[in-house]
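Numbering (our numbering), first residue to last: 168 to 425.
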């Protein structure tokens, strides 16, 4: 047996530090193997300020496709617009926050005006017509952020648009971006999302790949939306497929819950 300290194992330290080292080693293998790498995002990642690392992955060419909740992309816009997002406390009374005009995401505090300004931005810059994949919707918003946002360098949407990384959302109506599109529809604007196109596009990306891998942050619908590309190809389209090649998941959940 090797001593853990000072001579660490090939995977580094122990416990979760070792698991993280294993994940980094696997990520390097994905890159070296020229695999198509998908990043899935569930949970409040962007409001918690974790967007910077994802932007860096995009800029370094270490991710080819993103599947995210719509909420993560909506809250990403706050940072591009340089709107206030505060670190608070989970113990603060919700009723007091309501009186002070603050929305909470656990210990992240958002003034109402941050949401209102973001809504206004989405409504004014969603100046396209017709039915679009969610990747097209996000690309359009990212382009607008590059053109007119105060701090586009802080935005996943802007980085993805700049480096042509598609961002899909399996449930676009379950977010404030989707609600703002619904508002535009109520004003008789001819704009809609096409989730079936998302299904076909993501399956096509995987089918055209020699190898594929995924980094799952959280789980949920984004994780499953990536995983279902294989049954879409083999079960529905009856195309020969051998499954995904690499899988990394980072989650706060315990394995025994499935």
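A virtual CB, placed ideally from N, CA and C, is assigned to each residue, including glycine.
Return the CA-CA distance between residue 332 and residue 184, expressed in angstroms with no decimal places. Counting from one through the chain shown, the residue named residue 332 turns up at place 165. Counting from one through the chain shown, the residue named residue 184 turns up at place 17. Near 30 Å, if we compare the C-alpha coordinates of residue 184 and residue 332.
Inter-residue Cα distance where the pair is residue 286 and residue 308: Looking up residue 286 in the chain shown gives position 119. Looking up residue 308 in the chain shown gives position 141. Taking the straight line from one Cα to the other gives about 12 Å.
With a Cβ-Cβ cutoff of 7 Å, do residue 269 and residue 305 count as a contact? Position 102 of the chain shown, counted from the first residue, corresponds to residue 269. Position 138 of the chain shown, counted from the first residue, corresponds to residue 305. Contact: no.
When the Cα atoms are used, what is the spatial distance from residue 173 to residue 180? Translated into the one-based positions of the chain shown, residue 173 becomes position 6. Translated into the one-based positions of the chain shown, residue 180 becomes position 13. Reliability of the predicted coordinates at residue 173 is poor, the pLDDT of 49 falling under 50, and the value obtained from them is presented with this limitation in mind. Going from the Cα of residue 173 to the Cα of residue 180 covers about 10 Å.
Give me whichever residues DSSP pairs with residue 360 in a beta bridge. Here residue 360 refers to the residue found at position 193 when the chain shown is read from its first residue. Secondary-structure assignment with DSSP links residue 360 through a beta bridge to 299.
Given a threshold of 16 other Cβ atoms within 10 Å of its Cβ, counted over all protein chains shown, does residue 192 qualify as buried or as exposed? Counted from its first residue, the chain shown places residue 192 at position 25. It counts as exposed.
Assuming residue 206 contacts residue 230 (C-beta within less than 8 Å), just tell me the rounded distance between them. Looking up residue 206 in the chain shown gives position 39. Looking up residue 230 in the chain shown gives position 63. That pair is a contact at about 5 Å.
Tell me where the alpha helix (DSSP H) around residue 191 begins and ends. Mapped onto the chain shown, residue 191 falls at position 24. Where residue 191 is concerned, the enclosing alpha helix (DSSP H) stretches over 182-199.
For residue 416, report the span of its beta strand (DSSP E) as first-last. For the purposes of this step, residue 416 is taken as the residue at position 249 of the chain shown. From DSSP, the beta strand (DSSP E) with residue 416 extends over 413-417.
In angstroms, rounded to a whole number, what distance separates the CA positions of residue 324 and residue 280? Position 157 of the chain shown, counting from 1, holds the residue named residue 324. Position 113 of the chain shown, counting from 1, holds the residue named residue 280. Near 21 Å, if we compare the C-alpha coordinates of residue 280 and residue 324.
Put residue 278 into one of helix, strand or coil per three-state DSSP. For the purposes of this step, residue 278 is taken as residue 111 along the chain shown, with counting starting at 1. It is a strand residue.
What does the alpha-carbon distance come out to for the pair residue 363 and residue 263? Sequence index remark: in the chain shown, residue 363 carries index 196 (1-based). Sequence index remark: in the chain shown, residue 263 carries index 96 (1-based). Those two C-alpha atoms are separated by around 43 Å.
Give the DSSP-derived three-state secondary structure of residue 171 in the structure shown. As a working mapping, residue 171 is identified with position 4 in the chain shown. Any answer about residue 171 is weak, because its pLDDT of 46 lies below 50 and its placement is not dependable; what the coordinates show is given next. Residue 171 falls in the coil class under three-state DSSP.
Candidates 250, 353, 392, of which the one nearest residue 316 by Cα: For the purposes of this step, residue 316 is taken as residue 149 along the chain shown, with counting starting at 1. Ranking 250, 353, 392 by Cα distance to residue 316 puts 250 first.
Can you tell me the Cα-Cα spacing of residue 194 and residue 267, whole angstroms? Against the chain shown, residue 194 aligns to sequence position 27. Against the chain shown, residue 267 aligns to sequence position 100. Distance between the alpha carbons of residue 194 and residue 267: 44 Å.
In the DSSP assignment, what residue or residues form a beta bridge with residue 269? Position 102 of the chain shown, counted from the start, is the residue given in the question as residue 269. Beta-bridge pairing links residue 269 to 278.
Residues that residue 288 bridges to, as DSSP identifies them: For the purposes of this step, residue 288 is taken as residue 121 along the chain shown, with counting starting at 1. Answer is none; residue 288 lacks a bridge partner.
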